[in-house]
Every structure is written in C-alpha cells, then in structure tokens.
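Novice: Residue numbers (the numbering used here): 2 to 298.
One structure follows; several queries about it will come next.
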Amino acid sequence: MTSVPTSRRALLRACARLSAVSALAAIGALPLAAQAEEVLRVSAIPDEAPTELQRKFAPLGAYLEAETGMKVSFVPVTDYAAVVEALATRKIDMAWLGGFTFVQASLRTKGTAVPLVQRAEDAKFTSKFITASEGIKGFADLKGKTFAFGAPSSTSGHLMPRYFLGQEGINPDKDFKNTAFSGAHDATVAFVQAGKVDAGVLNASVWDKLVEQKKVDTAKVRVLATTPPYFDYNWTVRGDLDPKIQARLRDAFLKLDAANPAHKEIMALQRASKFIPTKAENYKGIESAAHAAGLLR
C-alpha cells in the first residue's frame, strides 16, 4: 500500500474539516422555515396548569406524528403573549389559541396566521360565572365585591365575560371592590373555593371537567350565570408553513372520530366531539368585543 506523505494527510484532513464546516454553513443558511419543518413545533396558551397541558397534548402529538410523518415537539410558554410572539417570529409552527389570542396573532402577523380547525364545541362556546357567596344571586349583587378573571388575554376567562358584564351594566374597573387575574381557569375556581374572591369566571369546558373530576366542591361553589355563546378556541398555523403540511394537519384533525376507539383518549382529553374547519372571519365578533371592552385600540 502506498503511504500518503504526512503533509498530504494533513491537507486531506483540513479539506475534510472544511467540507464539514461548509455543509453545516449550508444547513444554517437554509431558510428558517425549511429547518423548522424537520420538526413540527407546537404550543398552546397556558389556560390550565402546565402539567395538564402536557398531559392533554401527549396522545394528540403522537397521533399527529403518525399522520404527518414529522416529529412533533410541544413548546411550553409562560403566558398568552408568548404564544402570539412565538407564532409571529416563527419559533413555533402551530398553536392552540383562544379566540381573542387568535385575533391578537392575526393582528401581530398582519393577517397571515391561518386558523385551521376548531372543535365543534368552539362554535358555541360559553363561560361560567361562579361564586361561593350566598349573598350573590345575580349580576347586580357583584357590585362592590371582589372578582377574579383568568388571564388578561383569555377569551373565555376575561374578554367575553367582561363584554357581557358590560351588557349587564357592570364596569369591572369601577364596580368591583377589587379585580384579580388568576392566570388560568382552574386557578380561578381555586380562588373562589378558597374565599380569596367573592366570584369569578372561567370557560365552561374547564368548569365541566373539574366538576366531573370532583376537583371542585359544588356544595360550596355554584354557577351564577352562563354567558351567551361565542366562537372560541382553534388550532392556528403560521402563514408561511408549507401548504402541504397545513393540508396534512387539517386532514388529520378532521379524521379524528370520538367513536373510534383509537381516537377516544385524544378526543376525551381535547374535550371534543369532533373537529371542524374554521376561518378568520369567525372571530370578527371577538375582535369587535375586544374593541368595545377597551382591550384593543
């Protein structure tokens, strides 16, 4: 075997290193979207405890991996605004948003964010006003009392309840003794049950789940009123996500069937009877309510 001179071997090693560096540089030079689509990065507004969000998403994430052929990664965030910003800056590809958060994401992305699907239940969503105070019988009795909303950007835990309170002649900023933001729907129930506030409001789906799981004492905490229905949650993708991936995701959600044993756990955790297509126009009413409530300028 012919030996390679030391100087030549060094040169070959240098060339190999240069080729490797060049390859890495080429990968780094790819558009962010091209790199991101190796993995589908998914997030959700933190409307419940982080552990609960992870538990709810795990089987859905596995299903989406099987349906799309992509690795699916859940990206937790600390607050609602972080989801909007992550979607706008292409740090995530898809997000579970409330109606108001979708409006904010649409404005932040100049209308490019695409709402793919929503649960059938989200076309007629409601919020529950709750209290543990025997002296509170109706909306008028809330005046002068302490009250808890969920997160400031929550559709069902703040925006729509605030809007409907206004319809009842109540201005939360003036008529409540004190207003708190619990940060999440389950936290609002905890506030009311512990007597930290006289009353609060949360989305109907979380209320029903907590009652079913016996995590709320219904002998102590009761529903004062239920709001009229409105559009709420959806799964939204960034506008520049490959249209073929968008289509695969949409089809995957629409295939989910609560009657299919393989889908039963997913649908139960998502509290969905089925998923249906949605569109940006469905959330114009929420945008109008946000302007009326002074939450959008």
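The C-beta atom is built at its ideal place from N, Cα and C for all residues, glycine as well.
Between aspartate 209 and chain C, is any beta-carbon pair separated by less than 9 Å?
Specialist: Considering every chain present, this structure includes no chain C. It has just one protein chain.
Novice: With DSSP run on the structure shown, which of helix, strand or coil describes tyrosine 234?
Specialist: Looking at tyrosine 234 - three-state DSSP - the assignment turns out to be coil, as it is neither helix nor strand.
Novice: Could you compute how far the alpha carbon of aspartate 258 sits from the alpha carbon of glutamine 247?
Specialist: Going by the C-alpha atoms only, they are around 20 Å apart.
Novice: Would you mind giving the Cβ-Cβ distance between alanine 152 and tyrosine 64, rounded to the nearest angstrom? I have them listed as a contact below 8 Å.
Specialist: At roughly 28 Å, the Cβ-Cβ gap does not stay under 8 Å, so alanine 152 and tyrosine 64 are not in contact.
Novice: Beta-carbon within less than 7 Å of glutamine 194's beta-carbon, same chain only, minus the 5 sequence neighbours each way: which residues are those?
Specialist: Around glutamine 194: Ala133, Val217, Asp218, Lys221 and Val222.
Novice: From this set, Ala290, Pro173 and Phe254, which residue's C-alpha is nearest methionine 95's C-alpha?
Specialist: Cα-wise, what sits closest to methionine 95 is Phe254.
Novice: Only counting the same chain, and skipping five residues up and downstream in sequence, which positions put a Cβ closer than 7 Å to that of methionine 71?
Specialist: Counting only Cβ-Cβ distances below 7 Å, and skipping sequence neighbours, we find Val40 and Leu41.
Novice: Give, in chain order, every unbroken run of the beta strand (DSSP E) that is at least 3 residues long and sits entirely within the region 51–102.
Specialist: Those beta strand (DSSP E) runs which fall completely within the region 51–102 and span 3+ residues are 72–75 and 95–98.
Novice: Less than 8 Å between the CB of phenylalanine 140 and some heavy atom of the ligand GTP, yes or no?
Specialist: Ligands in the displayed structure: none, and consequently the ligand GTP is not present.
Novice: Compare the Cα-Cα distances from glutamate 282 to each of Ile137, Asp241 and Tyr231 and report the closest residue.
Specialist: The shortest C-alpha separation from glutamate 282 is found at Tyr231.
Novice: At what residue ranges does the region 97–167 contain a whole run of the alpha helix (DSSP H), taking only runs of 4 or more?
Specialist: Whole alpha helix (DSSP H) segments, 4+ residues: 100–109.
Novice: With a CB to CB cut of under 8 Å and the five nearest residues on each side skipped, what residues in its chain are close to isoleucine 277?
Specialist: If we look at isoleucine 277 and ignore the five residues flanking it on each side, its Cβ neighbours are Val118, Gln119, Arg120, Ala121, Ala124 and Leu255.
Novice: Decide if asparagine 235 is buried, meaning its Cβ has at least 16 other Cβ atoms within 10 Å, or exposed.
Specialist: Classification for asparagine 235: buried.
Novice: Using a Cβ distance threshold of 8 Å, determine whether the region 165–183 contacts the region 206–217, with at least three qualifying pairs required.
Specialist: They do not touch, by the three-pair rule.
Novice: Tell me the rounded alpha-carbon separation between alanine 185 and alanine 50.
Specialist: In a straight line, the C-alpha of alanine 185 is about 7 Å away from that of alanine 50.
Novice: Buried or exposed: glutamine 271, going by 16 or more other Cβ atoms within 10 Å of its Cβ?
Specialist: So glutamine 271 ends up on the buried side.
Novice: Between His159, Gly240, Ala273 and Gly196, which lies nearest to alanine 290 when the distance is taken from Cα to Cα?
Specialist: Comparing Cα positions, the closest option is His159.
Novice: Name the one or two DSSP bridge partners that serine 44 has.
Specialist: Looking at the DSSP assignment, serine 44 forms a beta bridge with Ala96.
Novice: Given this structure, state the Cα-to-Cα distance separating threonine 237 from serine 128, to the nearest angstrom.
Specialist: Answer to the nearest angstrom: the Cα atoms are 22 Å apart.
Novice: Tell me, to the nearest whole angstrom, how far the beta carbon of isoleucine 171 is from that of glycine 99; I am working on the premise that it is less than 8 Å.
Specialist: At roughly 22 Å, the Cβ-Cβ gap does not stay under 8 Å, so isoleucine 171 and glycine 99 are not in contact.
Novice: Specify the secondary structure class of leucine 225 as computed by DSSP and reduced to three states.
Specialist: Of the three classes helix, strand and coil, the one that applies to leucine 225 here is strand, per DSSP.
Novice: Across which residues does DSSP place glycine 201 in a beta bridge pair?
Specialist: DSSP output for glycine 201 lists Ile131 and Ala149 as bridge partner(s).
Novice: So threonine 189 is in the alpha helix (DSSP H); what residue range does that whole segment cover?
Specialist: Here the alpha helix (DSSP H) through threonine 189 covers 186–194.
Novice: So the candidates are Arg249, Phe165, Pro173 and Leu203; which of them puts its Cα closest to the Cα of isoleucine 183?
Specialist: One point to set straight first is that residue 183 is serine, not isoleucine, in the sequence displayed. Nearest of Arg249, Phe165, Pro173 and Leu203 to serine 183, Cα basis: Leu203.
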